[in-house]
Amino acid sequence: MEFKFDPENPKYEYITERSHYDKVIKELENVNVVSVDTETTGFDPHTCSLLLFQISTPDKSYIIDTRALDLKTLPEIKDILEDQKKIKLLQNAKFDYKFIKKHTGIEMYNIYDTMLAEGVLTAGLSGKMSSLKTLTKDYLGLDMDKNIRKSFIGLKDINFSEEQLKYAAIDTFVLFPIFDAQIPKLRVRGVVDTAKTEFAVTKVIGEMELRGVYIDRGKWSNIIKNLKIRRDELTQEFYDEISGLYQYNSLDLFGNTAPPININSNVQLLELFNKRVGLNLPSTGDPILETVNHPIVKTLREYRKYEKLISAFGESLLDKINPVTKRIHPQFNQMGAATGRFSCNNPNLQQIPRNQPEAPFRECFNPAEGYKFVISDYSSMEMRILADLSGDEKFITAIKNGYDLHSYTAALMFGLEYTEDFKKKHPDLRQAAKAINFGLMYGMGPGRLAAQINVTPELGKEYMEKYFSSYPSVRDFLKKVASEAVRNGYSATPGGRKRWYKMPDKSDPDYKKLIGSIERQAKNHPIQGTNADAMKFALVSLYERLKREKIDAYILLSVHDEIVTECNADFAEEFKDILSEEMVKAAEVFVKKVPIASDPFVGDVWEH
DNA sequence: AGAGGTGGTG
DNA sequence: CATGCACCACCTCT
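For any residue, its number in our numbering is found by taking its place in the first sequence, counting from 1, and adding 30.
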């Protein structure tokens, strides 16, 4: 392949003086596409610093040493980065966005992110985001030495070697040919709009991560402390109950009897239950243990509740509090799920347990001083999307009328009259309908349904059929999505987001099973994916409105169908309606036949 | 290091 | 034919 740069000898200018900068900046002002990268002393913009800022054309890289030249004093750079027309090519733009914003105040606009573009092009095919090394190898056939990157970590006061500067230059050069190769692919596959959405979202997520969220350390520790007390009691209780079943109780270094087994080892628990207690369990998961009436099992189940909370949400979360901001800054991966949803880690705030009397974890998340939480979530969003996508008349009417959907479904299925107090009169029927309503969105079959609502397989099948005769268009829709996914190798949301499937070989012994799995994923994808599309639109339009109207509010978290913000306390009540309005407007772009509802509230704790 | 089991969220 | 989607953290075991 021909490149405009020489991979062995890239052309660059290393800029440490203002006069030099003044000379070269003019060359950038008339360029439509630049690539941008930074070299930093680490990964956290709050505790690490910027070393180099590279801005490049296809054949020349300008490497500004930000220790010698402060970008804050260079308005031309700000103009270029914030220019709405100039395209900025980056790999994993969110990372650079955060460092640039934090250390210079510049808010980069019009980003093209090669990593996100590739994510859009391969959603569903690979769980991981592509590194620049991988993209460079795949698109350009070049091998990149990424070891040099490590040489920047922790450095403050060094003179860069030629090797380091070449590395910094190459990183920006490869983005041009990758960009050129991705663009036609995005067009051919019809995912240009999805890519644009992702590019717009990335700066919003960058801002969100920079802001972080406050957590009350003392309150959190106190919850953990109390959970540990109860867990330790249960551990003791468990060992007391099983000690008689073990012949030899070994002693530890201090002569105390040591526990005969590790309570956390499922292998050892299974041995205990099946060889010593005389049960016959296939696994030690709660769905199995639930069915066993035995004191040891009861103690274990109780122990596990506490152990789970302590191990997964204990002190490890407090370790993530940033020393500078005193807040938690989780990472949001905007292409984290194959469906288009975000995933979240370090820590995963999307899985903090709902408040319970003994463990009110979400009460530990509080707004900054002088601010209020303003939180809103879409109500029954996925049901509304299913109603809209299928176009089912009765389903849509029920939502428009504000009926309790599970009750209404049950009434239809069992030929009863829908009334306001249906839930009270027929809780079991409503429960069955609810199980179907949710299960269907996951491609559930009659067998699983029967097991869940505790009826015979025959009855499960019958219920399923009753459901589909009540909402015939839902059946047609799900069938169509599944068969098209198998035929085309992808499924799509109305917004155009696609999820690809790796089609199994016909000779594969698991062929049918794999096809079945694709069909279920395909049934779910337009529903979950449309929710994700709406959420992403909402985040972008909300962010732009905050900017435009100079509202003193910040987006903190996004949890699938919920947005958590903090707003100046004086404006919180007004902002409540703005948040809700933006969420509804965003969803209405994709959902046309069914009304959208978003339920906002103002508060001092994260609870909904 | 990575897989498998378990369990938290939407 | 087999039979519910999407994630991440922590644990044990190999």
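No residue lacks a Cβ here, since even glycine has one placed at the ideal position from N, Cα and C.
Which whole-angstrom value is the C-beta distance of residue i and residue j, which I expect to be below 8 Å?
i	j	result
F391	P397	Contact flag wrong, Cβ pair sits at about 16 Å.
I136	F229	Rounded, the Cβ-Cβ distance is 17 Å, inconsistent with contact.
M411	D591	5 Å
S503	G421	5 Å
L459	A440	4 Å
L99	I45	7 Å
F209	T144	6 Å
Tell me which residues share the same chain as residue i and place their Cβ nearer than 8 Å to its Cβ, disregarding the 5 neighbours each side in the sequence.
i	result
N256	E388
I593	I405, S406, D407, M565, A568, L569, L572, I585, L587, L609, M613
E271	P325, I326, T329
L347	I245, W250, I358, P377
I545	V516, P534
By Cβ distance, which residues of its chain are closer than 7 Å to residue i, with the 5 residues on each side in sequence left out?
i	result
I318	L311, P312
G477	P487, G490
P37	L172, I200
G23	In the structure displayed, the chain extends from 31 to 638; residue 23 sits before or after that span and is not available.
S181	Q194
I6	Residue 6 lies beyond the stretch modelled for the chain, which goes from 31 to 638, so this question has no answer here.
Within 10 Å of its beta-carbon, does residue i have 16 or more other beta-carbons around it, so buried, or fewer, so exposed?
i	result
L104	buried
V234	buried
I130	buried
F83	buried
R247	exposed
P75	buried
L155	exposed
I259	exposed
Y51	buried
L162	buried
S373	exposed
I557	buried
M31	exposed
Can you tell me which of the options puts its alpha carbon nearest to the alpha carbon of residue i?
i	options	result
F35	I130, I94, L162, I200	I200
T70	P88, T96, Y51	T96
A198	L120, L300, D591, E59	L120
I27	A562, T560, E603, A367	Since the first residue shown for the chain is 31 and the last is 638, residue 27 is missing from the structure and cannot be characterised.
V64	A522, I93, R48	I93
E423	M411, L442, S410	L442
I85	D74, P75, E57, A98	E57
S91	F452, K196, E192	K196
V511	F362, L576, W530, M494	W530
I340	G149, T355, R261, R331	R261
G559	G274, E495, G546, M365	M365
E495	S513, L470, E514, Y42	L470
V218	L300, K528, P207	K528
G445	Y497, I626, L576	Y497
Taking C-beta to C-beta, are residue i and residue j nearer than 8 Å?
i	j	result
T329	H555	no
V635	F395	yes
I326	V621	no
A462	I483	yes
Y448	Y472	no
F203	P360	no
F362	M159	no
E637	N385	yes
E332	L419	no
N60	I117	no
I466	Y493	yes
A123	Y169	no
L508	K553	yes
A599	G400	yes
A583	E596	yes
Residues in its own chain within less than 6 Å of residue i by CB, not counting five upstream and five downstream?
i	result
S628	S406, Y408, S610, M613, V614
V589	Q380
C78	T70, T71, G72
L216	V222, A225
L151	K215
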